[in-house]
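Chemist: Have a look at this one before I ask anything.
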Amino acid sequence: MTISDLNFALGPDAKRRHSSIRIIKPDECEHPKETDVLKRLTDEEAEAFNEYLQYQLAGTAAAGGNGKVGDDLDDPVDEETIQASAAPCGIPVVELPPPQEKSKIGLAVAVLLLGVCSSVLDQQLLKNVFSDSFNAPFFILFTGNIIRLFTLPVYVITVWIVARSRGRPAALGRILRDTSVFKSRDPLPIFVIRSIGIITSFIVLIMSLVFMAVSYATVSEVTAVGTTQVALVYFIAVVFLRHKVLIIKVFAVVVSLSGVGLIAYAKGFHSSSATGIGLVMLSTIMFSFNITYYKVIYNKISFGQCCCFLSATSLYMLAVFWWLPLWTKLSGVEIWEWKTVPWALLLCSVACSWTSSMSMNFGLGLATPLLMSFGSLLRIPLNVVIDIWIRGVEFTQLEMLGSVLIIVGFLIIVIPDNRVSLKIKPLFQNLCCG
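Quick note on numbering: this note's numbering labels position 309 of the sequence shown as 309, and the sequence is numbered without any gaps.
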């Protein structure tokens, strides 16, 4: 194969995608030792070597994840090519685009704040939903899953309508393929259990433990213990995801947890039962592992794929755990009748819960589990502010100080790791060394 044959095989699209790849000639090499080695090659051998490398790059560009042509690959240059670019001479050099860490962190923070606000609004609405004649958390959960089931169809139809209105019609089948999360070489049943079933089952189990814990302990105790997920997520990320251990991030976690402790102390602990504390601690550990597992399975996920995931988990929950609300109703665990259901408040709560879930799932694809887990801490001061302004609850100085500590810890966590290691660390070293 010659270079001209290779160029014809690549086509204009593949050439455009690999316009950032160039071949360094031996005389451009900045490493004389490597140049001496290349000079021992004849011109024909060097040309054959370059043709072979371009052939390998063509295979990389043309092959998708399953060996098919992937025109919509986000990054057609694989990791081996990037690593090879660090070698000195006669091999491809990949000119990577400028880093987009700052924009990703900004978007992740915006998504996190949206999720926190919607979650707080959901909690405030649920306070008005529950009453003596209606106390049915699993009924609310499954009502929300019935509505979430239509997330993907609504998204696909919306994208199709918008594309047609802009004069760029797209087939519904292609939109579904682009948004699908079922892209794996594993058999479909194994993939569904591994990527959908485990996460959904953990969610149901976590909610069951929380509902049981509330019957033994106060809401203040449950909330205070539940916020330890931030420290647990950071520990899991360091151990299993091999994240860097940054002292300032550890300090931020400690500061935020101290703020939670002050707020919990100000509210007071009105129960000495260790059973509720143990149940909520178990649910917190499971939730921390669950969101870390989600990050491992769906490291980079688009908004459309989030819609697909939400519909898939809702379908799985309705198909596998359909008996749960029926059993709780017949056993008397939940109290509700069709005529006592506050549908207006319930549907508003479901909408807020949907927004919170989408924000969490999409945010985990943008940032680390540690950043997204901080939503549980930010909800505390926001709930306090709403209780003061709307419900007229008295705000103590300890609660104010605790809220400030939580916000300070969050602002430190938001700082990208590369900024911490490159900017803040030398600053502290200069201050310590004079």
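We put the beta carbon where it would ideally sit given N, CA and C, even for glycine.
1) Determine which residues share a DSSP beta bridge with I335 and list them.
2) Compute the beta-carbon to beta-carbon distance between G115 and S353, rounded to the nearest angstrom, for a pair I have assumed lies under 8 Å.
3) Whose C-beta lies closer than 6 Å to the C-beta of D27 among residues of the same chain, with five residues either side of it excluded?
4) Is the region 247-256 close to the region 407-414, with three or more CB pairs under 8 Å?
5) Could you tell me whether the Cβ atoms of A110 and A367 are closer together than 7 Å?
6) Is L141 helix, strand or coil by DSSP?
7) For the alpha helix (DSSP H) containing W322, list its first residue and its last residue.
8) Is there contact between the region 233-251 and the region 284-302, where contact requires at least three CB pairs shorter than 8 Å?
9) With DSSP run on the structure shown, which of helix, strand or coil describes I301?
10) When the Cβ atoms of the region 378-391 are set against those of the region 135-148, are three or more pairs found closer than 8 Å?
11) Please look up how many angstroms separate the CB atoms of G197 and Y316, rounded, as I've assumed it's under 8 Å.
12) Out of curiosity, what's the CA-to-CA distance linking S314 and S357?
13) Tell whether a beta-carbon distance below 7 Å holds between L149 and S311.
14) Does the Cβ of G259 have 16 or more other Cβ atoms within 10 Å, making it buried, or fewer, making it exposed?
15) Looking at the structure shown, is G115 part of a helix, part of a strand, or coil, going by DSSP?
16) Give the list of continuous alpha helix (DSSP H) stretches no shorter than 4 residues that lie fully inside the region 170-210.
17) With burial defined as no fewer than 16 other Cβ atoms inside 10 Å of the residue's Cβ, what is the status of T179: buried or exposed?
18) Spell out a yes or no on whether the region 323-335 and the region 374-381 are touching, meaning 3 or more CB-CB pairs, one atom from each, closer than 8 Å.
19) Where does P342 sit, in a helix, a strand or coil, going by DSSP?
20) Less than 8 Å between the CB atoms is what I'm expecting for L279 and L209, so what's the real figure, rounded?
21) According to DSSP, is A266 part of a helix, a strand, or is it coil?
22) Taking 7 Å as the cut-off, decide whether the C-beta atoms of T328 and S133 are in contact.
23) Quick check: the Cα distance between V120 and A351, rounded to an integer number of angstroms?
24) Quick one: Cα of A319 to Cα of G402, how far?
25) Taking the alpha-carbon positions, what's the F182 to L246 distance?
26) Return the first residue and the last residue of the alpha helix (DSSP H) that G167 is part of.
27) Beta carbon of W228, beta carbon of T284: below 7 Å?
28) Just how far apart, CA to CA, sit T396 and H243?
29) Which of the three DSSP states is assigned to I380 in this structure?
30) Should D72 be labelled buried (16 or more other beta-carbon atoms within 10 Å of its own) or exposed?
31) Could you have a look at L152 and say whether DSSP puts it in helix, strand or coil?
32) Could you give the residue range of the alpha helix (DSSP H) that holds L371?
Modeler: Taking the coordinates as given:
1) N135
2) About 10 Å separates the two Cβ atoms, so there is no contact after all.
3) Residue placement at D27 is poorly supported in this model, since its pLDDT is 47, which falls under 50; the coordinates still yield a value, given next. No residues qualify anywhere along the chain.
4) yes
5) no
6) helix
7) Run containing W322: none; DSSP gives neither H nor E here.
8) Touching, per the Cβ criterion.
9) coil
10) no
11) 6 Å
12) Distance between the alpha carbons of S314 and S357 is about 12 Å.
13) yes
14) buried
15) helix
16) Counting whole runs of 4 or more residues, the region 170-210 contains the alpha helix (DSSP H) stretches 172-179, 188-192.
17) buried
18) no
19) coil
20) 5 Å
21) helix
22) no
23) 12 Å
24) Using only the alpha carbons, I get a separation of about 43 Å.
25) 36 Å
26) Run containing G167: none; DSSP gives neither H nor E here.
27) The question names Trp, but residue 228 in the sequence shown is Thr. Contact flag set, yes.
28) Rounded to the nearest angstrom, the two C-alpha atoms are 38 Å apart.
29) helix
30) Low per-residue confidence applies at D72: pLDDT is 42, beneath 50, and the placement is therefore not dependable, though the value from the model is reported in the following sentence. When all chains shown are included, D72 counts as exposed.
31) Reduced to three states, the DSSP call for L152 is helix.
32) 369-373
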